[in-house]
Amino acid sequence: MSREFNPSIARLNTMSKQYTLSRRSFLKSGSLAIAAPAAAIPALAADNQSIPKILNQQDGMAYRRLGDTDIYLSAISLGGLVMEPDVHRYGIEKGVNLVHMSTSYIGGSSIVELGKIMKDMRDKVYIALKDNFIPYGKSNDDILKKLDEVLKTMNTDYVDFFMFNRNNGDDAGDPGILELFTMLKEEGKVRYAGLTSHNPEIKASTNVGIKSGLYSLVMPAMNPKMFDAMAEEMKLAQENKVGVMVMKSMSGVRDRDMQLAYIKKLMGNPAIATINKGIGSFEMFDDYAKAAKEVLTGQEDWSLYKYAQTNPKQDCMMCGECTRQCPQGIDVSTIMRCSDYYYDQCGDAIQARATYAELPFSRRADRCIDCETCEKGCPNHLPIRQHLARSQAFFV
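Every number in the working numbering is 291 more than the matching position in the sequence shown, counting from 1.
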């Protein structure tokens, strides 16, 4: 293994001021995006013929090298929260070479559909698989048996990236991760370790994950309102040659022009290798793939800044401040992800309920005492208690 794992990284302090969006820093990062193409032509694969060994390389798709590996990833990769098999096939035919999957997506039907696609397209893509099905605490034989069942469903005998879902700094540096990954790699089931991070400690878990030396790929949730907050982690990833796959990038972004502008802004950051997105139409895919190769204009960057500054009182930025503020220890941010993102934005009640069911009883919505602390601490002043009440009623 090329990376030295250091499990002794201490948890990083996460303060609410980290999520303050400043015009100077937002536009400064945007200026990097505007200036990027001249300096980043090799990374963006503008001249695709100059970059060897790109899996499923197709004209019209941009590619970037993943950290210090020999892998080049398509700028747009496909997620499993939206599964339109024909669109997945179309995307792969157009040059997508990475798909991300979880056994829980769409009640388990997403991974079944992916397996059908992989029957004849496995050699064209890398697969990233989330670890949420692993029976932790069981024997290695039990773990391998369960993994083999999932691999069989996907019509493959290995995955390229095994994604450990860890949402705080301490967990991201758990030495047990190295032990499990080493075993799975020796068995030929996985190639690289990855880290997925949602709220409430995206910054801390991503930071610790990068510094640990274990992960070749980190996958933080990063919508426009979190772009500025994650600047330090993006710089750290680039310095440590760890690849970044951005997820939930369009959380709260309903305007298509703003979505396309944000894709340009993300791809203007040299740390980011790919944007993972559930795509439901051919038109959306074509628009995203085209935007990933284009330069962010100054006007688009200014529009993005204004968009990120708006406060419609409906969009959760997944900063996790609500969880840190809650005196009852409720995992408010995860509940908001279930209610605001999965249920409202994705229309996926099954995923919302499945994620909610994974919460310990001590951290669920029924512990809410209606104290308003979470809403007072929310940068967007969202009606969090309404989401908690709905979650308690519908997700149990």
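C-beta atoms are modelled at their ideal positions from N, C-alpha and C, and glycine is treated no differently.
Residue span of the alpha helix (DSSP H) that contains residue i, given as start and end
i	result
residue 623	623-627
residue 432	431-444
residue 536	Premise fails: residue 536 lies in the beta strand (DSSP E), 534-537, not in any alpha helix (DSSP H).
residue 376	376-384
residue 720	Residue numbering for the chain in the displayed model covers 292 to 687; residue 720 lies beyond these limits and cannot be assessed.
residue 672	It is not in any alpha helix (DSSP H) - residue 672 carries neither H nor E in the DSSP assignment.
Cβ neighbour criterion (16 or more within 10 Å) applied to residue i
i	result
residue 338	With a pLDDT of 46 at residue 338, under the threshold of 50, the predicted position of this residue should be treated as unreliable, though the coordinate-derived value follows. The residue is exposed, with fewer than 16 neighbouring Cβ atoms inside 10 Å.
residue 330	At residue 330, the pLDDT of 33 sits below 50, so the modelled position is not reliable and the matter cannot be decided from this model.
residue 665	buried
residue 622	buried
residue 652	exposed
residue 684	exposed
residue 600	exposed
residue 677	exposed
residue 662	exposed
residue 335	Here the model assigns residue 335 a pLDDT of 48, short of 50, so the residue's position is not dependable, and the following value carries that caveat. Burial call: buried.
residue 333	No answer about residue 333 holds up, because its pLDDT of 42 lies below 50 and its placement is not dependable.
residue 572	exposed
residue 436	exposed
From the options, residue whose alpha carbon lies closest to that of residue i
i	options	result
residue 448	595, 439 and 649	439
residue 672	649, 613, 636 and 682	613
residue 479	467, 451, 620 and 592	451
residue 347	367, 383 and 582	383
residue 522	584, 557 and 411	557
residue 596	419, 508, 374 and 519	519
residue 387	560, 583, 484 and 507	583
residue 657	354, 626, 637 and 376	626
residue 616	669, 446 and 355	669
residue 463	435, 360 and 510	510
residue 349	420, 539 and 381	381
residue 374	407, 365, 345 and 352	407
residue 530	538, 344, 409 and 357	357
residue 555	581, 577 and 477	581
residue 355	536, 576 and 619	536
residue 508	485, 524 and 526	485
residue 620	453, 650 and 633	650
residue 608	634, 640 and 539	539
residue 359	532, 679 and 574	532
Start and end residues, beta strand (DSSP E) containing residue i
i	result
residue 484	481-488
residue 420	417-421
residue 544	Premise fails: residue 544 is in no beta strand (DSSP E) and is neither H nor E.
residue 367	367-369
residue 450	450-456
Beta-carbon spacing of residue i, residue j below 9 angstroms
i	j	result
residue 659	residue 644	no
residue 367	residue 566	yes
residue 460	residue 498	yes
residue 505	residue 469	yes
residue 611	residue 493	yes
residue 390	residue 418	yes
Evaluate contact between the segment 538-546 and the segment 511-526, counting only Cβ atoms and requiring at least three cross-stretch pairs below 8 angstroms.
Contact annotation: the segment 538-546 touches the segment 511-526, with at least three C-beta pairs closer than 8 angstroms.
Exercise. Would you call the segment 427-434 and the segment 387-407 touching, i.e. three or more CB-CB distances under 8 angstroms?
Worked result: No, because fewer than three Cβ pairs between the segment 427-434 and the segment 387-407 fall closer than 8 angstroms, the two stretches do not touch.
Note to self: Pairs of beta-carbons, one from the segment 631-646 and one from the segment 550-561, closer than 8 angstroms: are there three or more?
What the structure shows: The segment 631-646 vs the segment 550-561: no contact.
On the three-pair Cβ rule with 8 angstroms, is the segment 587-602 touching the segment 562-578?
As far as the Cβ criterion goes, the segment 587-602 does not touch the segment 562-578, which means the pair count is below three.
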